[in-house]
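Counting from 1, position 184 in the sequence shown corresponds to residue 184 in the UniProt record's numbering; the numbering is continuous, with no gaps.
For reference, the structure is listed below as structure tokens.
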Amino acid sequence: MKIYLAMDWIQQNINGIIEEPGKLVDISAVSSAAAEYKPVAAIAQNKRSTRAPKMIKWIKDEKSREQWLRRQESSSLKNMVSKRQGLPAWQMREAIIGTVRSNHVTIISGETGSGKSTQSMQFILDDLYAQGLGGCANMIVTQPRRISALGLADRVAEERCTRVGEEVGYAIRGESRRSKDTKITFVTTGVLLRRLQTSGGRVEDVVASLADVSHVVIDEVHERSLDTDFLLNLIRDVMKAKKDMLKLILMSATLDAATFKRYFASEGLSVGTVEIAGRTFPVDEYYLDDVIRMTAYGVESSDSEFISGEALGKVIQKLGHRINYNLLVETVKAVDFELSYEKKPGGILIFLPGVGEINQACRALKAINSLHVLPLHASLETREQKRVFSGAPPGKRKVVVATNVAETSITIDDIVVVVDSGKVKETSFDVQNNMRKLEETWASRAACKQRRGRAGRVQEGRCYKLFTQNLEQQMPERPEPEIRRVPLEQLCLSVRAMGMKDVAGFLGRSPTPPDATAIDGAMKLLQRMGALDGDELTAMGQQLAMLPADLRCGKLMVFGAIFGCLDDCVTIAAILSTRSPFVSPQEKRDEAKEARMKFYRGDGDLLTDLQAFQEWDFMMQDHIPHRQIRSWCEENFLNFQTLSDISNTRAQYYTALGEIGIVAPSEATIEAHARGASSDGSQLLRALVAAAFTPQIARIQYPDKKFASSMSGAVELDPEARSIKYFNQENGRVFVHPSSTLFGSQGFSGNAAYMAYFSLISTSKIFIRDLTPFNAYTLLLFSGPIELDTLGRGLLVDGWLRLRGWARIGVLLARLRGMVDELIAKKVESPEMNVKDDEVIMLVRKMIELDGMDA
1 MKIYLAMDWI QQNINGIIEE PGKLVDISAV SSAAAEYKPV AAIAQNKRST
51 RAPKMIKWIK DEKSREQWLR RQESSSLKNM VSKRQGLPAW QMREAIIGTV
101 RSNHVTIISG ETGSGKSTQS MQFILDDLYA QGLGGCANMI VTQPRRISAL
151 GLADRVAEER CTRVGEEVGY AIRGESRRSK DTKITFVTTG VLLRRLQTSG
201 GRVEDVVASL ADVSHVVIDE VHERSLDTDF LLNLIRDVMK AKKDMLKLIL
251 MSATLDAATF KRYFASEGLS VGTVEIAGRT FPVDEYYLDD VIRMTAYGVE
301 SSDSEFISGE ALGKVIQKLG HRINYNLLVE TVKAVDFELS YEKKPGGILI
351 FLPGVGEINQ ACRALKAINS LHVLPLHASL ETREQKRVFS GAPPGKRKVV
401 VATNVAETSI TIDDIVVVVD SGKVKETSFD VQNNMRKLEE TWASRAACKQ
451 RRGRAGRVQE GRCYKLFTQN LEQQMPERPE PEIRRVPLEQ LCLSVRAMGM
501 KDVAGFLGRS PTPPDATAID GAMKLLQRMG ALDGDELTAM GQQLAMLPAD
551 LRCGKLMVFG AIFGCLDDCV TIAAILSTRS PFVSPQEKRD EAKEARMKFY
601 RGDGDLLTDL QAFQEWDFMM QDHIPHRQIR SWCEENFLNF QTLSDISNTR
651 AQYYTALGEI GIVAPSEATI EAHARGASSD GSQLLRALVA AAFTPQIARI
701 QYPDKKFASS MSGAVELDPE ARSIKYFNQE NGRVFVHPSS TLFGSQGFSG
751 NAAYMAYFSL ISTSKIFIRD LTPFNAYTLL LFSGPIELDT LGRGLLVDGW
801 LRLRGWARIG VLLARLRGMV DELIAKKVES PEMNVKDDEV IMLVRKMIEL
851 DGMDA
């Protein structure tokens, strides 16, 4: 039947086909044999470390022991030791040393402030020195955050009366201070992972890469980050293969040793545990019913002490589970009154789930004249965060309103009262819809315990919980491990790049295995991104696995190197890896939006942020006084610290690109790309962003055209913004986030028919964010496979996007895409090769810029 229909159509249109067979531009994104192309496989594995470090020889050295004993006589060291002896960890010194000596794995639990992170490795090192084995020590201590690695290296070096880089050092991405004499090295978890990943992949390679390491210390394991769980999986394989090669010490702020003990003991490893008591004072707990009695909130009776159980139940039911800001204000008022009546100094710390809730609470609390109200969250500039450590002005009480960053990462010493909402915001991942969700949920009981402990740092404290004791018992005991609630494509690629073909099998051996559906979805996404061809690593995948960046950011940087707009692509990747430099205060949202739109050129959110960063960067290069630049930032609602963070991330990415050979060493610096390094046009940059974000694409559906009469004839009207709709493959209709520069747009430049998005999040609706519009030829050149659309007259791209066009167009473009892939593979193998002037790359650039039109 289809053949008859086809013949009928050809007979009706044969004259037109002969006269005008159609140019390449005859592509319409209104609806939708072509060809399939296969990604180019990795030609050869990236150069890996072939020289394994030398195995430690445990030979006693009396000389090092004598040097250490002489150091102990130093008055400065004696003074420092006397200070250390006041820490709770010191009381467990012998227990820690004995447990480490006797076991393969040691788990040390201790609350924040107990000294476990600064003291444990010193106890072990000093014990080795006392035995004459100090010269053999090489301890690697992982931290989840750069700031922690740097801060702890400084502190431990100070306590040992040495300079950082001598006995104590650190290694973070792009920066290292250590020497041949370094015995304790603080690193980020990612740095140690990178060392293991580049070893060769096989268990014996990973074992060999740690041959010169005596102890691995993994701190903050209770956070259960993705990197930490991956590292635990690899280290367990190492210890299983060679039990006596190294000692493993795990440190946790919560008493959850049982999970990790089972995990390592199941492989025949001996596991010992040490618990360090916290240095906290007793903290009295008050629940929601106590708070209602104290404040008489919502109670008709004036005598709050005689509220009936029935009346109390009605108030609690009426409050529901949402944060009630009126109750919060009344609670703080009552607490401040009690503390003032008792003539007790000290601050109040309030835990809320997110920045929006913090801002709302701060506005309400600032109406109380006796309070000095300060917000605390990760988005604040460092100088703003530091304000919480200072005392309140005379006659006022400090109130810090914080996210869970104040649970363990930051300690405010003068807090005596905690008010806990019991809420936290967590990112979860919906595997079925391929969508991240930022959800407000109840914190874990372990987190609430950490929050309560903040009130007992300097004296006996109080904790007011804005939830019932019964609800607390229903909270999860601990937070869900990250491996169970985030996308896994980055992790799966890392595992595959280490040479492990059974990715699901490896991840199934994690402390908390991920869902099999999540692994399967991640592997399919890697195939759609061109990182895998079936189960085999492609040239692109090989490079993405080596870059310390989100896969989409990594892909953008690789494309930037190939198409000659590296700096723009690296900067956009740095912005995405940090955050938008623009700030939007609740009370000045319209002004902030107007300020951002000054940098808008019609190219979407990322290129707008790029424009703002480049203007700031030019001022920094011109050495304009910082005071003047900060003033410019304030006028334009830009965060100076965020811009600095973006610049630092950009520098790290250049270093990484140089290390893996994507760019030549001479180009692996910011200086090599100063001024004038921008791409020739925004169309190419938009296309590369879309290429990197594939398959995160939404189709733009315009309404039917409308016309108005004028003196010169009918004039096409711009469509109303609300009549333009957006659809993606997994979720159907999606919506532009209100914070986007494209929110309310009535059209898009450059014949844009599609929208690339970096993030998709579900709140009241399914919103797409970090948007970049692009045209149909970008889709054909960089998206998924091109096939013949059997249901219409045209092409089918990536299995769901239909375009009208000749089959020959699909054939030619699919071959062109294959040629681009081959160039990528050659560039990977020969970084010094300049491909941006290659005729294939030039042709692709021209087609994107002209959207298929003849020059």
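Idealized CB from N, CA, C, for every residue including glycine.
Whether residue 235 touches residue 110 by CB criterion (7 Å): Taking a C-beta distance under 7 Å as the contact criterion, residue 235 and residue 110 do not qualify as a contact pair.
Alpha carbon of residue 147 to alpha carbon of residue 164, nearest angstrom: Distance from the CA atom of residue 147 to the CA atom of residue 164, rounded to whole angstroms, is 15 Å.
Closest Cα partner of residue 682 within the set 349, 560, 182 and 223: If we check each option's Cα against that of residue 682, 560 comes out closest.
Residue 600 CB to nearest heavy atom of the ligand ZN below 6 Å: Here there are no bound small molecules, and the ligand ZN is not part of this structure.
For residue 280 and residue 453, believed in contact at Cβ under 8 Å, the rounded distance: Correct: roughly 5 Å between the Cβ atoms.
Residue 840, buried or exposed, once every other Cβ within 10 Å from all chains shown has been counted against 16: Exposed: under 16 other Cβ atoms inside 10 Å.
DSSP bridge partner residues for residue 774 (one or two, in chain order): The secondary-structure analysis by DSSP pairs residue 774 across a beta bridge with 754.
Distance CB(residue 482)-CB(residue 145) smaller than 7 Å: 7 Å or more divides the Cβ of residue 482 from the Cβ of residue 145.
Assigned secondary structure, residue 830 (DSSP; H/G/I helix, E/B strand, else coil): DSSP places residue 830 in coil when its eight states are reduced to three.
Identity of the residues DSSP links to residue 139 by a beta bridge: When DSSP reads this structure, residue 139 sits in a beta bridge with 184 and 215.
Length of the line joining the Cα atoms of residue 17 and residue 806: Note that residue 17 scores 47 on pLDDT, short of 50, meaning its location in the model is unreliable and no value can be drawn from it.
Contact check, residue 227 vs residue 198, beta carbons under 7 Å: Contact flag unset, no.
Runs of alpha helix (DSSP H) wholly within the segment 216 to 290 (minimum 4 residues, chain order): If we require 4 residues or more, the alpha helix (DSSP H) runs fully inside the segment 216 to 290 come out as 226 to 241 and 257 to 265.
Residue from 832, 647 and 564 whose Cα sits closest to the Cα of residue 658: Looking at the Cα atoms, 832 is the closest of the given residues.
Nearest-angstrom beta carbon gap, residue 56 and residue 179 [assumed within contact, 8 Å]: The beta-carbon distance between residue 179 and residue 56, rounded to whole angstroms, is 18 Å. This is too long to meet the 8 Å contact definition.
Environment of residue 421 [buried if 16+ CB atoms lie within 10 Å]: For residue 421, the number of other beta carbons within 10 angstroms of its own is at least 16, and it is reported as buried.
Backbone CA spacing between residue 203 and residue 488 [nearest angstrom]: Residue 203 and residue 488: Cα-Cα distance of roughly 22 Å.
Boundaries (first-last residue) of the alpha helix (DSSP H) holding residue 326: According to the DSSP assignment, residue 326 belongs to the alpha helix (DSSP H) that extends over 325 to 341.
Span of the alpha helix (DSSP H), counted from its first residue to its last, around residue 547: Run containing residue 547: none; DSSP gives neither H nor E here.
Which of helix, strand or coil DSSP assigns to residue 560: Per DSSP, reduced to three states, the secondary structure at residue 560 is helical.
Cβ shell of residue 455 (< 8 Å), same chain only, five flanking positions each side left out: Counting only Cβ-Cβ distances below 8 Å, and skipping sequence neighbours, we find 283, 349, 415, 416, 417, 418, 461, 462 and 463.
Spatial neighbours of residue 937 in its chain, beta-carbon cut-off 8 Å, leaving aside the 5 residues before and after: Since the first and last residues shown for the chain are 1 and 855, residue 937 lies out of range.
For residue 556, the nearest candidate out of 730, 314, 353 and 689 (CA to CA): Of 730, 314, 353 and 689, the residue nearest in Cα terms is 689.
Residue 411 versus 320, 112 and 743, residue with shortest Cα-Cα distance: Across the set 320, 112 and 743, the C-alpha of 112 shows the shortest separation from the C-alpha of residue 411.
Bounding residues of the alpha helix (DSSP H) (the contiguous stretch that carries residue 495): Start and end: 489 to 497.
Proximity winner among 69, 520, 127 and 817, relative to residue 502 (alpha-carbon distances): If we check each option's Cα against that of residue 502, 520 comes out closest.
Contact under 7 Å by Cβ, residue 375 with residue 362: Between residue 375 and residue 362, the gap from beta carbon to beta carbon is short of 7 Å.
Straight-line Cα distance separating residue 160 from residue 78: Looking at the two C-alpha atoms, the distance is approximately 10 Å.
Residue 856 vs residue 757 beta-carbon contact at 7 Å: Nothing in the structure corresponds to residue 856, since the chain is present only between 1 and 855.
Inter-residue spacing [alpha-carbon to alpha-carbon] between residue 365 and residue 329: Between residue 365 and residue 329, the C-alpha separation is close to 6 Å.
Residue 506, enclosing beta strand (DSSP E) - first and last residue: That residue, residue 506, is in no beta strand (DSSP E); its alpha helix (DSSP H) goes 503 to 507.
Bridge partners - residue 375, DSSP secondary structure assignment: Answer is 401, bridged to residue 375.
Sheet register partners of residue 759 (DSSP bridge): Paired residues: 769.
For residue 131, the three-state DSSP class (helix, strand or coil): In the structure shown, residue 131 sits in coil (DSSP, three-state: anything other than H, G, I, E or B).
Residue of 385, 650 and 325 minimising C-alpha distance to residue 356: Taking only the C-alpha atoms, the option nearest residue 356 is 325.
For residue 796 and residue 34, the rounded distance between their alpha carbons: At residue 34, the pLDDT of 40 sits below 50, so the modelled position is not reliable and the matter cannot be decided from this model.
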